[in-house]
Amino acid sequence: MIKAIKGAKDLFYDEVVRWQALEKLVREIFENFNYSEIRTPVFEETRLFARSIGEETDIVSKEMYTFTDKSGLSITLRPEMTASVVRAFIEHSLGKQFNLNKFYYIAPMFRQERPQAGRLRQFHQFGAEALGSSSPSLDAEMIILAYEILKQLGLKKLSVKINSLGSPAEREEYRKVLREYLKPHYDKLSETSKVRFEKNVLRIFDSKDERDIEIMKDAPRLLDSLGEESSAFFEEVKELLSKAGVEFETDTALVRGLDYYTHTTFEIVSESVGAQSALCGGGRYDLLAEQLGGTPTPGVGFAAGMERILLACANEEIEVGKKEKVKLYIVRIEKELKNKAFELALFFRRHGIKTELDYLSRSVKAQMREANRIEAEHVLILGGEEFLKNEAVLKNMSDGSQKNVSLANLEAVLKEISG
RNA sequence: GUGGGUAUAGCUCAGUUGGUUAGAGCGUCUGGUUGUGGCCCAGAAGGUCAAGGGUUCAAGUCCCUUUACUCACCCCA
404 MIKAIKGAKD LFYDEVVRWQ ALEKLVREIF ENFNYSEIRT PVFEETRLFA
454 RSIGEETDIV SKEMYTFTDK SGLSITLRPE MTASVVRAFI EHSLGKQFNL
504 NKFYYIAPMF RQERPQAGRL RQFHQFGAEA LGSSSPSLDA EMIILAYEIL
554 KQLGLKKLSV KINSLGSPAE REEYRKVLRE YLKPHYDKLS ETSKVRFEKN
604 VLRIFDSKDE RDIEIMKDAP RLLDSLGEES SAFFEEVKEL LSKAGVEFET
654 DTALVRGLDY YTHTTFEIVS ESVGAQSALC GGGRYDLLAE QLGGTPTPGV
704 GFAAGMERIL LACANEEIEV GKKEKVKLYI VRIEKELKNK AFELALFFRR
754 HGIKTELDYL SRSVKAQMRE ANRIEAEHVL ILGGEEFLKN EAVLKNMSDG
804 SQKNVSLANL EAVLKEISG
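Right, dumping it as structure tokens:
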């Protein structure tokens, strides 16, 4: 048997209903905040991700689906969306059309990791990117947006963590300070942290190794060494969040894994999923556009993992979405009437009534059972003596009542069903 | 990439210290009188017990290998 690729899932029936409901909510909220949807190709030139996400990151160094196409070009299935959005922004000179561009997306991403709860190889994210403003109100808006969606879904066990990585200069300065602090402890660090010491010191904060955590406990914090401007920026973000009623905590150890972040970074975690508890994360990336060869343009964004969100909803027993019931099921008694039934079904369907009928030449009893199974609201029974009078029986399935209706006046039947 | 767990019907799972034709619930299908659902009743279909090898008179059950799934590490959304 040929099966789906590891870490890639088929969705159908009830599961799809949940996804559609989530997508609908996401769209509504993004539209309210006046974000417009952006769609970019699922694959890009490999160097786009190498340059933006960072060569040394795990994503780029070992998790990408990369292949060479027939022209010899190295292509990669996108592992995240920010790089693509910024690429499109630069390619189409969108910054020259509008000073501020606010985009959202709902799209599949690909990373070749070992699947586990809340982590797939083809996974789906919704997210937003705002390019062109360095106002802290946008940083706050991103967090509020993400929070709003999760709240409106009904999720409870959430915590919002925020931090600031400061300006690039401050970050660079802090790197030195941190290295200085770590030097005497170097030998006690875990192997991965030793590597990070050279390549990306900040990431040592992410370590779960107990000895690393012990060492990092007393490490100087980037947040404490921020300049006046960066501090004021961060304060304003926090103030806006407080006014918006978003409860958050400052987590000085929150260092995001992607190289392009500056200033605000944030994460919303849930207790209701497994180990992969981050439902969404993001931050500001003022250097990225320039880094990708565009004119310097400040940006902020976030991405949220849809599988994780739905998993959290399921674990908190939140029902997401409801399937629309069939309004009318057409039962035919005599088999010769099957085309008449088909024709009638088409009439109702064309008038916006969700209609179903038998395609399996089944008995009347079986057709009724089917109508009941799919919870059809009404059944129209076609045949017998009523049909000779150009009438049919319309049955209300919830109370079992039925009445004869004229097939010469389908408008009246429409009214009956819709009312 | 490294660990742990699991693998029996479409789904959720039983299957006793290895012992005859492998079970249940749900789901599906048919019927319980002519043209009517739900509840109930009766019946049916559906399984190379993940695959391969080994031990044994005898393996779903014990051992080995492989594969898949799953959880965790790692990383991240």
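The first sequence begins at 404 in the numbering used here and counts up by one. Yeah, the Cβ is synthetic: ideal placement off N, Cα and C, and Gly gets one too. Computed from a prediction, not measured in an experiment: that's the story for all the values here.
I'd like the ranges of any alpha helix (DSSP H) spanning at least 4 consecutive residues and lying wholly in the segment 626 to 691. 631 to 646
Label residue 504 either buried or exposed according to how many other C-beta atoms from any shown protein chain fall within 10 Å of its C-beta, with 16 as the threshold for buried. buried
For residue 471 and residue 526, what's the separation of their Cα atoms in angstroms? 22 Å
Is it buried or exposed for residue 648, if we count other Cβ within 10 angstroms and need 16 for buried? exposed
Starting from the C-beta of residue 520, find all residues in its chain whose C-beta is less than 8 Å away, skip the five residues before and the five after it, and write them out in chain order. 676, 677, 678, 679 and 714
Which listed residue (406, 419, 820 and 408) has its alpha carbon closest to that of residue 710: 419
Is the distance from the Cβ of residue 492 to the Cβ of residue 567 below 8 Å? no
Would you grab the beta carbon distance between residue 506 and residue 441 for me? Rounded to a whole angstrom, and I think it's under 8 Å. 4 Å
Please classify residue 705 as buried or exposed, where buried requires at least 16 other C-beta atoms within 10 Å of its C-beta. buried
Less than 7 Å separating the Cβ of residue 639 from some heavy atom of the ligand NAP? Questions concerning the ligand NAP fall outside what the structure shown contains, since it holds no ligand whatsoever.
Could you tell me whether the Cβ atoms of residue 456 and residue 514 are closer together than 8 Å? no
Alpha helix (DSSP H) containing residue 424: first to last residue? 417 to 435
Between residue 626 and residue 546, how many whole angstroms is the CB-CB distance? I'm expecting something under 8 Å. At roughly 17 Å, the Cβ-Cβ gap does not stay under 8 Å, so residue 626 and residue 546 are not in contact.
Quick one: grab the DSSP three-state call for residue 502. coil
Spatially closest choice to residue 729 from 781, 608, 683 and 768, by CA coordinates: 781
Bridge partner(s) assigned by DSSP for residue 573: BP columns for residue 573 are empty, so no partner.
Measure the C-alpha to C-alpha separation of residue 601 and residue 562 and round it to an integer number of angstroms. 32 Å
At what residues does the alpha helix (DSSP H) containing residue 613 begin and finish? 613 to 620
For residue 729, three-class secondary structure by DSSP: coil
Whose C-alpha, out of 487, 466 and 427, is nearest the C-alpha of residue 448? 487
Write down the C-beta distance between residue 815 and residue 785 rounded to the nearest angstrom, noting that I regard them as a contact closer than 8 Å. Their Cβ separation, rounded to whole angstroms, is 16 Å, which puts residue 815 and residue 785 out of contact at 8 Å.
What residue range is occupied by the uninterrupted alpha helix (DSSP H) comprising residue 767? 767 to 776
Does the distance from the C-beta atom of residue 553 to that of residue 531 stay below 8 Å? no
When the Cα atoms are used, what is the spatial distance from residue 733 to residue 417? 24 Å
Cα-Cα separation between residue 587 and residue 460, rounded to whole angstroms: 26 Å
On the criterion of 16 or more Cβ atoms from any shown chain inside 10 Å, does residue 776 qualify as buried, or is it exposed? exposed
Could you name the residues of the same chain whose beta carbon sits closer than 6 Å to that of residue 656, not counting the 5 residues immediately before and after it, in chain order? 608
Mind reading off the beta-carbon distance from residue 692 to residue 489? Whole number of angstroms is fine, and I expect it under 8 Å. 6 Å
Pull the bridge partners of residue 519 from the DSSP assignment, please. 522
What does the Cβ neighbour count give for residue 596, buried or exposed, with the cut at 16 atoms within 10 Å? buried
Beta-carbon proximity list for residue 393, same chain, < 7 Å, skipping 5 on both sides: This structure leaves residue 393 out entirely; the chain is present only between 404 and 822.
If we call anything under 8 Å between Cβ atoms a contact, is residue 610 one with residue 593? yes
Please say whether residue 477 and residue 469 have beta carbons closer to each other than 8 Å? yes
Taking all protein chains shown into account, decide if residue 696 is buried (16 or more other Cβ within 10 angstroms of its Cβ) or exposed. exposed
Name the residue from 640, 681 and 689 whose alpha carbon lies nearest to the alpha carbon of residue 662. 689
Out of 768, 804, 751 and 747, which one is the CA nearest neighbour of residue 793? 747
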